[in-house]
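Engineer:
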Ligand code: F0G
């Protein structure tokens, strides 16, 4: 009798494709010109000139047929839209936060929360910075202090929870500046700039305990909270049998409030919100939202957008959905590993982060290695990625000096439910080719630098 072969059993996405959007293939010559015209900044490319768009997972998701069906029942009343109440109900049900204020996207919520909670001269500790979060904290008069564990700054360190807060660093800061100068601790999960790295429930519980001891509030950037919940489920003891919904709710239970860019977890194209336990903060937020966004029952969104968000919340906690999402990122990482491409490990929840310092050892950080690599990958294949290094870190608002982050990264970010495994293969092969030819890549110099968040609009030229 013939011996039975061992057959590998793969998993696949829990959906099929119903609508497609054609994408354009371009020549290398076309892309050389387009990149030059865009000042070597992928944010300034026309999307038409992009083949595979891994710039961001923000608002670039494919909505489900159920979400699109919801768009047709948008209640576009100026006040009291029924979609708003459905969304609020789902925020209560899935996140467990009683009060809710919608905004048009995440940074609008960051702006309002920062203005309400921060007084000039305050300090805001956080598990590594995020660009818009930190800027709003600074514009409100605060100083951001990074209290993430050291491992987060080490690309090759395989710590399973590199998003954890270092309790010693946090307590040292409290003792140094005094608890009264710290309006809240800002905790994100997974940590975008660290490479999509999660925090553990154990760490969150300890941070919460420390905050309670000093009567400091704890606020959550819950933009990709479901990815954090997924990592807790597969990596942390005691959570294997819990559902994503249960873990999400437990996580949020330790926080006083949160803000969310709905353009990620909720799988919509636009939206954001803040939610909180304090009625006082809620009243301040819903008052301020009418100045900057719109009435508190729409916050800059159409009724149909809120309906898509509400339905997105129900879909985002599905285990098979989140497993396929993180699984695609992991597949990309494993394939790149076969070519020895240097990356942040473990692989993140929303993106693969190339280690540009190691990739381009011959380019010093002041010559923007990650920015140069992003341009080179685009020119090679039309794959669009994003710089997450010295350009993104910007300058110290007081001294005007460049920050020099330890991590100099290129982010390949995966929109949810958009690309196939073949797209990933094309991406991997392009990066492997660029890696082979890396010695020929030159650094860049800035030709135009805007005052805030320079990575969005800054322009460069080749050295
Ligand atoms: N917090 C995190 C962790 C984010 O990743 C983002 C956006 C925001 C807040 C701001 O939300 O864009 O809706 O205003 N991140 C996008 C990205 C831009 O590409 O990582 P927003």
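Numbering (the numbering used here), first residue to last: 107 to 569.
In this text, a Cβ means the ideal position worked out from N, Cα and C, and glycines have one as well.
Because the structure is a prediction, the values reported are computed rather than measured.
Which residues end up in the neighbourhood of ligand 1 when you take C-beta atoms closer than 6 Å to any of its heavy atoms?
Structural biologist: With the cut-off at 6 Å, the residues found are 162, 164, 211, 212, 213, 236, 238, 239, 294, 298, 327, 329, 367, 369, 378.
Engineer: Between residue 208 and residue 223, how many whole angstroms is the CB-CB distance? I'm expecting something under 8 Å.
Structural biologist: Not a contact, Cβ separation roughly 19 Å.
Engineer: For residue 460, write down the residues that DSSP places opposite it in a beta bridge.
Structural biologist: Beta-bridge pairing links residue 460 to 449, 516.
Engineer: So, at 7 Å on beta carbons, what are the nonlocal neighbours of residue 309 in its own chain, with the 5 sequence-adjacent residues on each side left out?
Structural biologist: So the list reads 267, 270, 271, once near-sequence residues are dropped.
Engineer: What span of residues does the alpha helix (DSSP H) with residue 174 cover, start to end?
Structural biologist: 171-177 is the extent of the alpha helix (DSSP H) around residue 174.
Engineer: Classify residue 324: buried if its beta carbon has 16 or more other beta carbons within 10 angstroms, exposed otherwise.
Structural biologist: Residue 324 comes out buried.
Engineer: Check each candidate in 501, 306, 322 and name the one with the smallest Cα separation from residue 276.
Structural biologist: Closest option to residue 276, Cα to Cα, is 322.
Engineer: Closest by CA to residue 163, which one among 302, 401, 406?
Structural biologist: Among 302, 401, 406, the Cα nearest to that of residue 163 belongs to 302.
Engineer: Would you call the segment 434-443 and the segment 517-535 touching, i.e. three or more CB-CB distances under 8 Å?
Structural biologist: Enough Cβ pairs lie closer than 8 Å, so yes.
Engineer: If you follow the beta strand (DSSP E) that residue 592 is part of, which residue opens it and which one closes it?
Structural biologist: The structure shown does not extend to residue 592, since the chain is modelled only from 107 through 569, so no value can be given for it.
Engineer: What are the boundary residues of the beta strand (DSSP E) that residue 552 is part of?
Structural biologist: Looking at the DSSP string, the run of the beta strand (DSSP E) that includes residue 552 is 550-554.
Engineer: Short of 6 Å in beta carbon distance, which residues of its chain neighbour residue 548, apart from the five on each side in sequence? Order them along the chain.
Structural biologist: 568, 569.
Engineer: Between the beta-carbon of residue 420 and the beta-carbon of residue 176, is there less than 8 Å?
Structural biologist: For residue 420 and residue 176, no; Cβs fall outside 8 Å.
Engineer: Please list, in chain order, all residues of the same chain as residue 396 whose beta carbon is under 8 Å from its beta carbon, the five residues on each side excluded.
Structural biologist: If we look at residue 396 and ignore the five residues flanking it on each side, its Cβ neighbours are 402.
Engineer: Provide the residue span of the beta strand (DSSP E) that contains residue 291, from first to last.
Structural biologist: Note, residue 291: beta strand (DSSP E), 290-294.
Engineer: Got a sec, what are the start and stop residues for the alpha helix (DSSP H) residue 540 sits in?
Structural biologist: 527-542 is the span of the alpha helix (DSSP H), which, as asked, contains residue 540.
Engineer: I'd like to know if the segment 555-563 and the segment 338-353 are in contact, where contact means that at least 3 CB-CB pairs between them fall below 8 Å.
Structural biologist: These segments do not touch.
Engineer: So, is residue 503 buried or exposed, given that buried needs 16 or more other C-beta atoms within 10 angstroms?
Structural biologist: With fewer than 16 other Cβ atoms within 10 Å, it is exposed.
Engineer: Using the Cα positions of residue 150 and residue 138, report the straight-line distance between them to the nearest angstrom.
Structural biologist: Approximately 14 Å, taken between the alpha carbons.
Engineer: Give the range of the beta strand (DSSP E) segment to which residue 585 is assigned.
Structural biologist: Only positions 107 to 569 of the chain appear in the structure, and residue 585 is not among them; the question remains open.
Engineer: With which residues is residue 489 paired in a DSSP beta bridge?
Structural biologist: In the DSSP output, where bridge partners are listed per residue, residue 489 has 158.
Engineer: Exposed or buried, which one is residue 448 when buried takes at least 16 other CB atoms within 10 Å?
Structural biologist: Per the 10 Å Cβ criterion, buried.
Engineer: Locate the beta strand (DSSP E) running through residue 442, then write down its first and last residues.
Structural biologist: Run containing residue 442: none in the beta strand (DSSP E); it sits in the alpha helix (DSSP H), 425-443.
Engineer: According to DSSP, residue 327 sits in a beta bridge with which residue or residues?
Structural biologist: 294, 365.
Engineer: Is the CB-CB distance between residue 248 and residue 278 below 8 Å?
Structural biologist: No.
Engineer: Mapping DSSP to helix, strand and coil, what is residue 261?
Structural biologist: Three-state result, residue 261: coil.
Engineer: Using alpha carbons as the reference points, say which of 353, 188, 319 lies closest to residue 335.
Structural biologist: Ranking 353, 188, 319 by Cα distance to residue 335 puts 353 first.
Engineer: Are the segment 210-222 and the segment 379-391 in contact at 8 Å, needing three or more beta carbon pairs?
Structural biologist: Judged by Cβ distances under 8 Å, the segment 210-222 makes contact with the segment 379-391, as three or more pairs qualify.
Engineer: Count the other CB atoms, across all protein chains shown, that sit within 10 Å of the CB of residue 534; report buried if there are 16 or more and exposed otherwise.
Structural biologist: Label assigned to residue 534: buried.
Engineer: Is it true that the CB of residue 455 sits closer than 8 Å to the CB of residue 333?
Structural biologist: For residue 333 and residue 455, yes; Cβs fall inside 8 Å.
Engineer: For residue 483, which option in 428, 507, 110, 540 has the closest C-alpha, if you only look at C-alpha atoms?
Structural biologist: Nearest of 428, 507, 110, 540 to residue 483, Cα basis: 540.
Engineer: By Cβ distance below 8 Å, which residues in the same chain neighbour residue 429 in space, the five residues on each side in sequence not counted?
Structural biologist: Correct list, in chain order: 117, 336.
Engineer: Measure how close the beta-carbons of residue 476 and residue 462 come, nearest whole angstrom, since I'm counting them as under 8 Å.
Structural biologist: Right, the Cβ-Cβ distance comes to about 4 Å (below 8 Å), so this counts as a contact.
Engineer: How far does the beta strand (DSSP E) with residue 133 in it reach, from first residue to last?
Structural biologist: Neither: residue 133 is in no beta strand (DSSP E) and is coded neither H nor E.
Engineer: Does the segment 185-192 touch the segment 404-418, meaning 3 or more C-beta pairs lie closer than 8 Å?
Structural biologist: The segment 404-418, when compared against the segment 185-192, does touch it at the 8 Å Cβ threshold.
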